[in-house]
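Protein chains in written order, with my numbering: chain A, 1 to 315; chain B, 316 to 813.
These notes concern the structure reproduced below.
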Amino acid sequence: MSKFQKFKQSQVFGLLLLIFIAFVFWAIFKTLAPETFGDFNRLQTYLKTALIYAVGGCGLYFICVMGPFDMSVGANIVLSSVIAVKMSNSFGYAGLIFAPMIVGVLVGLLNGLVYIKLRISSLIVTAGLSLVYEALSIFATNEKNVILGTSYRAFGDYPWNLILALFAFCLCGFILKYTKIGTYTYAIGSNEVVAKNMGVNVDKYKVVAFVLCGLFVGIEAVLTISYGTSMTSESNLASMARNFPPLMGTFFGLAFKKYGHPVVAIVIGEFIIQLLFQGFVALGAPTTVQNIVTGIVLLAIVTMTIKPVKGAVVK
Amino acid sequence: MSEILLHAEKIDKNFGVTHAIDHVTLDFYKGEIHALIGENGSGKSTFTSCLTGIYHKDSGEFTLNGTEVNARNQVDGNYQGVAIIVQEIGTLSGLSVAENIFLGKEDEFTKCGVKNTNAMNKKAQELLDSYGFNYIKATDLIDNYNFEDRKLIEIVKATHFKPQILVVDETTTALGEKGRIELFKVMKQTRDDGRCVIFISHDLEEVIEQSDTISVLRDGVYIDTVKSADVTPDDLKKLMVGREMSNDYYRTDYGERVSDEVVLRGEHLTVPGEIDDFSIELHKGEIIGIGGLSECGMHEVGKALFGASYDRKGTVTLADGTQINDIKTAIDHSIAYASKDRDNESLVINDTIQDNICLPSLEELKKNHILHAKDQKVFAEKYAKQMSTKMEGVHQFMSALSGGNKQKVVLARWIGKDSDIVILDSPTRGIDVKVKADIYQLMDTMRKNGKSIIMISEEIAELLGMADRIIIMKDGRQSGEFKRAEDLKDTDLIAEMV
């Protein structure tokens, strides 16, 4: 293997590639809309949004690597945010931070247990339970908009949003690299039967993955409600739309997994997506055009990065 | 006689109505390589799987050094002193080499829930170095290594903790020369340390050469144990199948004229990194054997001719001028292909025998554009029975069949399709002697009926015994060609391979 080939497989290359992609999009939109896009202040705002979604993306990563999927992320965010507001009224910051994490973990636990016990597709399980979580958020709010008190909005802005997000990223990276959970997440995703034969309790670690996803979605809810300051309960699976922004970061994490730092890829990936969205906003492009171009660019980046082996089975 | 190391007492295992192991009682001694042989489906792998924790026995008891072994899974088996190297790939993509070696044993490197990755990597590298595999880096993703290197990593994984019992289950068929040498070295070391190797292989010469003792199972029942030094392959065949096996294993005809009619022509076939400017002409009623070392490119030739290669250059043309560039065209024009990688490339493992046999023949099975389940069942039963497939019925899932019976289903599928050109890659890999004889007989009958066969094989005896013409490949190119002759020797072929 030549030195260049080795470099192309290295962590540094993966990181440089991500930064290069981000720079290219920034440069394109900065050229097209120099006044309304991409100055330092705006970049900070883009990052603020990216951090929120990246935290959820970290949670989804555990599930997506293993193979199942979680369609209840959106409903979880809504429910956790609503509970966060309610609890902050009673317990201050402790309620704001810990209540959504607990709700997230419980939602993840329920998702995981139902998925394991019923032995049906995770898509169906989590979509079905989303209706339940949406209904719970309606009960909690009486279908009214809930607003976070002005004295509890520190996590909506720097530096506390960054600190909380960094805590979540470090936690995710730590679990993946320095605990059995990380190893087993990849092992189950690679070959469940072999993993089982190696003594891995597959069902247990699948539930753990759902719980971790819930925990990170809970943290995302803290950032979401702190940044947006209000939340309205949703019904008829309207919360599904909230599944996709974190998922985009997860795609980046999966695509850059081979470089050994999925968390970094999730964060920079979300930032790239924000650059795209905000770039189109700056250009005044209609939302439909924004969605089309963003979707195509996301597919292009992931396809180019993964470079699937010809003939390999892709599911 | 040395001491008994492992005693198996009345081990019994059923899969549904199939009695896979029938109260087998057997002793394994310290300091021996103990081969376990039998036909496909005789219960060898099931027996060792029960020992190592892959399956759970229904009844009976394994006693290792006087202590009962009751492994819940492979890692639990490791802690109880037993380990297994399996035939198919047993490492996991997405994990590093070190993580694979210590999968399930992370607790050895974990304190307060935190895994010491550096210590794990260091230990894994020390182990790899001690086996002489220092070109394998413990920190690398295992995906960076080829099949054979991954098998070597599995050898380290299964043996580094010096298990009292090491099971080598049909592993040699998956290895090239280098891998086999390494594996045999480890087996001998295990024996010399006073431990025991249970060696499963269908290659009877290899079994006699490598083992000290041989036990025979037939239909899940223990038959006999013999000393390797006292038996010949023919003795073992007799024990395995329960009757005298004739020696007309291979074709006995020589000098038969092969038709001049070319049915398939491959010209200047090139697949980057696999084959380089390879050409071939297959005649009606001819068996062409393609041989060489494992990585010589011969396996890719089968795919290239079947239209299954990616980035293939060159042409594959039938007698009527049809160009074969994709699999559908190949099947539509009566070409069949059985891959070496049965589980991943030939069979739909999570489907029934019936569906697997009927798959390429669905168009023919339609009546008034409608498929009838009864017709499919009759069709599948006919060809599964023709191949003497051991099964509960055609509704049985493929995953429950032994390796040899899976191969029978692959062949049944193409016999059912009545293909005129058949490409068989390693058709007798992991197959017992009786089925081997059946397959050779089938190939001979097909040849006589005007069918043309390309047989890709790593077994020289098979090439010499069955082919009208033998093409030897080296580094992706043809390095030699031989016509069928009585005085053709294995050394002639080997000289062109290396």
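Glycine is no exception: its CB is placed at the ideal position from the N, C-alpha and C atoms.
As the structure is a computational prediction, the values presented were derived from the model and not from experiment.
Can you pull the DSSP bridge partners for residue i?
i, result
"Glu-796 of chain B", "B:Ile-786"
"Lys-430 of chain B", "B:Thr-425"
"Ala-398 of chain B", "B:Leu-481"
"Tyr-344 of chain B", "B:Ile-319"
"Val-546 of chain B", "Answer is none; Val-546 of chain B lacks a bridge partner."
"Gln-669 of chain B", "Answer is none; Gln-669 of chain B lacks a bridge partner."
"His-598 of chain B", "B:Val-577"
"Glu-299 of chain B", "Nothing about residue 299 of chain B can be read from this structure; chain B reaches only from 316 to 813."
"Ala-350 of chain B", "B:Phe-514 and B:Ile-529"
"Lys-643 of chain B", "None; Lys-643 of chain B has no bridge partner."
"Asn-329 of chain B", "B:His-334"
"Ser-374 of chain B", "B:Asp-327"
"Leu-456 of chain B", "B:Ser-411"
Considering only C-alpha positions, which residue in the set the options is nearest to residue i?
i, options, result
"Arg-552 of chain B", "B:Glu-801, B:Ile-746 and B:Phe-343", "For the sequence presented, residue 552 of chain B should be read as Lys rather than Arg. Selected option, being the one with the closest Cα: B:Ile-746."
"Val-194 of chain A", "B:His-338, B:Ser-408, B:Lys-723 and B:Ile-771", "B:Ser-408"
"Val-267 of chain A", "A:Met-240, A:Ile-19 and A:Thr-36", "A:Ile-19"
"Ile-52 of chain A", "A:Leu-237, A:Met-240, A:Gly-218 and A:Val-281", "A:Gly-218"
"Gln-320 of chain A", "B:Asn-459, B:Arg-495 and B:Gly-494", "One cannot answer for residue 320 of chain A here, as it falls past the ends of chain A, which runs 1 to 315."
"Ile-369 of chain B", "A:Leu-176, A:Met-198 and A:Arg-42", "A:Met-198"
"Ile-730 of chain B", "B:Ala-653, B:Gly-719 and B:Met-502", "B:Ala-653"
"Glu-596 of chain B", "B:Asp-753, B:Ala-473 and B:Glu-796", "B:Glu-796"
"Glu-485 of chain B", "B:Asp-549, B:Phe-448, B:Gly-509 and B:Ser-360", "B:Ser-360"
"Val-536 of chain B", "B:Leu-779, B:Phe-694, B:Leu-341 and B:Glu-707", "B:Leu-341"
"Val-501 of chain B", "B:Ile-468, B:Ile-523 and B:Val-631", "B:Ile-468"
"Ile-77 of chain A", "A:Leu-106, A:Gly-284 and A:Ser-239", "A:Ser-239"
"Ser-230 of chain A", "A:Gly-279, A:Ala-84 and A:Asn-291", "A:Ala-84"
How about residue i: is its C-beta nearer than 8 Å to some C-beta of chain A?
i, result
"Ile-430 of chain B", "For the record, residue 430 of chain B in the displayed sequence is Lys; it is not Ile. So, interface residue."
"Leu-467 of chain B", "no"
"Val-397 of chain B", "no"
"Val-471 of chain B", "no"
"Ser-369 of chain B", "Per the sequence shown, the amino acid found at residue 369 of chain B is Ile instead of Ser. It does: the Cβ of Ile-369 of chain B has a partner Cβ on chain A nearer than 8 Å."
"Asp-484 of chain B", "no"
"Ser-408 of chain B", "yes"
"Glu-414 of chain B", "yes"
"Glu-421 of chain B", "yes"
"Leu-456 of chain B", "yes"
Could you confirm whether any beta carbon from chain B is found closer than 8 Å to the beta carbon of residue i?
i, result
"Ala-209 of chain A", "no"
"Ala-265 of chain A", "no"
"Thr-36 of chain A", "no"
"Val-297 of chain A", "no"
"Met-248 of chain A", "no"
"Lys-48 of chain A", "no"
"Lys-320 of chain A", "Residue 320 of chain A cannot be examined here, being either before or after the span of chain A that is shown, 1 to 315."
"Tyr-186 of chain A", "yes"
"Lys-258 of chain A", "yes"
"Gly-253 of chain A", "no"
"Ile-179 of chain A", "Reading off the sequence, residue 179 of chain A comes out as Thr, not Ile. Yes, because at least one Cβ of chain B sits closer than 8 Å to the Cβ of Thr-179 of chain A."
Taking the Cβ atom as the reference point for each residue, do residue i and residue j lie within a distance shorter than 8 Å?
i, j, result
"His-338 of chain B", "Gly-375 of chain B", "yes"
"Gly-104 of chain A", "Pro-246 of chain A", "no"
"Leu-584 of chain B", "Arg-627 of chain B", "yes"
"Leu-379 of chain B", "Val-397 of chain B", "yes"
"Val-200 of chain A", "Gly-419 of chain B", "yes"
"Leu-808 of chain B", "Gly-606 of chain B", "yes"
"Val-709 of chain B", "Lys-682 of chain B", "no"
"Arg-784 of chain B", "Lys-766 of chain B", "no"
"Asn-111 of chain A", "Gly-149 of chain A", "no"
"Phe-271 of chain A", "Tyr-46 of chain A", "yes"
"Met-71 of chain A", "Ser-130 of chain A", "yes"
"Ala-473 of chain B", "Ala-439 of chain B", "no"
"Ser-516 of chain B", "Ser-543 of chain B", "no"
"Tyr-564 of chain B", "Tyr-755 of chain B", "yes"
"Leu-118 of chain A", "Val-125 of chain A", "yes"
"Phe-210 of chain A", "Leu-109 of chain A", "yes"
Any heavy atom of the ligand ADP within a distance shorter than 7 Å of the CB on residue i?
i, result
"Trp-160 of chain A", "In the structure on display, the ligand ADP does not appear, and there are no ligands present to speak of."
Residue i touches chain D at which residues, Cβ-Cβ below 9 Å?
i, result
"Asn-388 of chain B", "In the structure shown, chain D does not exist; the protein chains are A and B."
Completely contained alpha helix (DSSP H) runs for the segment 134-178 of chain A, where each covers 4 or more residues = Listed in chain order, the complete alpha helix (DSSP H) runs (minimum 4 residues) inside the segment 134-178 of chain A are 160-178.
Could I get the ranges of all uninterrupted alpha helix (DSSP H) runs contained in the segment 674-709 of chain B, with 4 residues as the minimum, in chain order?
-> Listed in chain order, the complete alpha helix (DSSP H) runs (minimum 4 residues) inside the segment 674-709 of chain B are 677-680 and 688-701.
Along the chain, which unbroken stretches of the alpha helix (DSSP H) at least 4 residues long are found entirely within the segment 205-262 of chain A?
-> The segment 205-262 of chain A contains these whole alpha helix (DSSP H) runs: 244-255.
Just list the alpha helix (DSSP H) runs in the segment 714-753 of chain B, keeping only unbroken ones of 4 residues or longer that don't cross its boundaries, in chain order.
-> Runs found: 718-732.
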